[in-house]
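Okay, so here's the structure we're looking at.
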Amino acid sequence: MKKERVVIIGSGPAGLTAALYTARAQLAPVVIAGAQLGGQVAITHEIENYPGFPDGLSGPELVERMKSHAENFGAKVEFDLVESVDFSRGSPFYIKTLGEEYLADSVIVTIGADPRKLGVPGETEYVGAGVSYCGTCDGFFFRGKDIVVVGGGDSALEEGIFLTRFATSVNIIHRRDELRAGVQLQQRAFNNDKISFTWNSVVEEIIGCENGGGVSAVRLKNRVTGEETIAPTEGVFIFIGHDPNNAVFGDQIALNENGYIITDQRYRTNVDGVFAAGEIQDEIWRQVATSVGQGTSAAMAAIQWLEAREETLQELDAAPAAG
Ligand code: NAP
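If you read the sequence shown in the working numbering, its first letter stands for residue 137, the second for the next number, and so on.
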């Protein structure tokens, strides 16, 4: 069992920034990186809106820079997965990973969120062979092809517009007749000749080629008329929101109705000594820059919390014994 001052669960921008700040505070944080170092950023082709990089940079490069920056100040990044936690007895908190057990004085949860799945036949089978959740990662493979995008929010439109760089046509399938996305993005999509819309429709099945070569069509159902149609396509990009990675916490941290960890302005969860930052507690902004800011704040709050706790423990030690 390893005893640590700070354990950070997750290695996206929030986690690696929290690692940098707690490392600079001499707390030698341990980052449990999860299945993918850097989280979703690691699969982002290019980041053009992170301040200080006017020419943009790739997601993997930014992650590598953040990791080595934190490590330079003493953070340890472990390529491991959290299996379970026990926060019920307060600090120190028990964390079990695939390869280790930890007792941590404080914990910063930055475990992120994953793209939501449609849950229809064919979806899992064709991931990587026509089904994708990342335009920037996979768009290049759909040069000169006709593809569909599922969803009606900012992500669906932003990624759909991006995908027109590669695809011949992009058909956006939305379950209502009104988009959730912001007006500016809507205008850009409506003005794009390569983009068309299929309204009031849901994907019921993703159909593969008979020869096994990938996706050939989607089966759609119109929610108003009930009519079913087969729409030929070679690619299905799904952008229907995200699901927060809250599974390992069970009912040990308070979550909101959508499953995101509830924090206060100091990024404190309802468990004293456990903090959360990034997409596991932010379902709105979801930007690298906002996650970096949240990771900074959570780290500073954790540092203050540890200092206050140590002062209290020292005062208790110094107090004359009762009686
Ligand atoms: P979102 O805003 O939650 O939109 C999800 C979309 O998918 C909605 O249109 C929803 O339909 C649809 N949907 C959900 N479940 C579905 C299902 N099972 N089947 C079919 N359709 C389904 O998610 P998001 O677009 O990923 O955006 C998340 C947050 O990030 C938002 O706050 C957004 O503003 C922000 N964001 C901002 C930018 C930007 O500013 N450039 C870019 C990307 C994301 P309904 O509309 O019917 O609910």
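Just so you know, even glycine gets a beta-carbon here, dropped at the ideal spot from N, CA and C.
Distance cut-off 7 Å: residue i Cβ against heavy atoms of ligand 1
i: V510; result: Coverage of the chain is limited to positions 137 through 459, which leaves residue 510 absent and any answer about it impossible.
i: R422; result: yes
i: E259; result: no
i: E346; result: no
i: E82; result: Absent from the structure is residue 82, since the part of the chain shown begins at 137 and ends at 459.
i: V338; result: yes
i: L449; result: no
i: A303; result: no
i: D290; result: yes
i: L254; result: yes
i: E341; result: no
i: E294; result: yes
i: R160; result: no
i: R311; result: yes
i: G377; result: yes
i: R359; result: no
First and last residue of the uninterrupted beta strand (DSSP E) at residue i
i: P368; result: 364 to 368
i: G255; result: Run containing G255: none; DSSP gives neither H nor E here.
i: D290; result: It is not in any beta strand (DSSP E) - D290 instead sits in the alpha helix (DSSP H) that spans 290 to 299.
i: F333; result: 331 to 334
i: I183; result: Premise fails: I183 is in no beta strand (DSSP E) and is neither H nor E.
i: K139; result: 138 to 145
i: I420; result: Counting along the chain, I420 falls outside any beta strand (DSSP E), and DSSP gives it neither H nor E.
i: S220; result: 218 to 222
i: E261; result: E261 -> no beta strand (DSSP E), and no H or E assigned at all.
Limits of the unbroken alpha helix (DSSP H) element including residue i
i: R461; result: Lying before the first or after the last residue shown, residue 461 is absent from the chain, which here runs from 137 to 459.
i: A455; result: Per DSSP, A455 belongs to no alpha helix (DSSP H) and is neither H nor E.
i: S204; result: 195 to 208
i: T272; result: 271 to 274
i: V360; result: V360 -> no alpha helix (DSSP H), and no H or E assigned at all.
i: A325; result: 319 to 326
Inter-residue Cα distance where the pair is residue i and residue j
i: S147; j: A457; result: 44 Å
i: N382; j: Y396; result: 7 Å
i: V424; j: E184; result: 10 Å
i: S337; j: K203; result: 43 Å
i: E200; j: V213; result: 12 Å
i: G188; j: L198; result: 12 Å
i: E446; j: P228; result: 13 Å
i: I398; j: A206; result: 26 Å
i: S427; j: P368; result: 39 Å
i: F215; j: Q430; result: 23 Å
i: S291; j: K139; result: 41 Å
i: G296; j: T260; result: 21 Å
i: M137; j: G235; result: 11 Å
i: L442; j: E294; result: 42 Å
i: D313; j: I439; result: 49 Å
i: L449; j: N208; result: 31 Å
i: I342; j: V218; result: 33 Å
DSSP state of residue i mapped onto helix, strand, coil
i: I376; result: coil
i: L173; result: coil
i: A412; result: strand
i: S268; result: strand
i: S433; result: helix
i: V428; result: helix
i: L442; result: helix
i: F277; result: helix
i: L239; result: strand
i: T246; result: coil
i: F229; result: strand
i: V384; result: helix
i: L391; result: strand
i: E341; result: strand
i: E314; result: coil
Any non-hydrogen atom of ligand 2 closer than 7 Å to residue i Cβ
i: G287; result: Absence of ligand 2 is noted for the structure shown, with ligand 1 being the only ligands found.
Quick test of the definition: if touching needs 3 or more C-beta pairs under 8 Å, does the segment 236 to 250 touch the segment 148 to 164?
Under the Cβ criterion (8 Å, minimum of three pairs), the segment 236 to 250 counts as touching the segment 148 to 164.
Using 8 Å as the threshold, is the segment 395 to 413 in touch with the segment 263 to 270, meaning 3 or more CB pairs across them?
Three or more Cβ pairs closer than 8 Å define a contact, and the segment 395 to 413 falls short of that threshold against the segment 263 to 270.
Any chance the segment 245 to 253 sits against the segment 372 to 386, with 3 or more Cβ pairs inside 8 Å?
A contact exists between the segment 245 to 253 and the segment 372 to 386.
Are three or more beta carbon pairs between the segment 170 to 183 and the segment 431 to 444 nearer than 8 Å?
Verdict: no, contact absent.
Would you call the segment 275 to 285 in contact with the segment 297 to 307, where contact means no fewer than 3 C-beta pairs closer than 8 Å?
Counting Cβ pairs under 8 Å, three or more are found: they touch.
Just checking, does the segment 221 to 228 make contact with the segment 404 to 422 on the three C-beta pairs under 8 Å criterion?
Between the segment 221 to 228 and the segment 404 to 422, the count of C-beta pairs closer than 8 Å reaches three or more; the two stretches touch.
Touch check for the segment 355 to 374 and the segment 192 to 208: three-plus C-beta pairs under 8 Å?
Contact between the segment 355 to 374 and the segment 192 to 208 is absent, because fewer than three Cβ pairs lie under 8 Å.
Can you find at least 3 beta carbon pairs, one from the segment 356 to 363 and one from the segment 326 to 340, that sit closer than 8 Å?
Segments in contact, yes.
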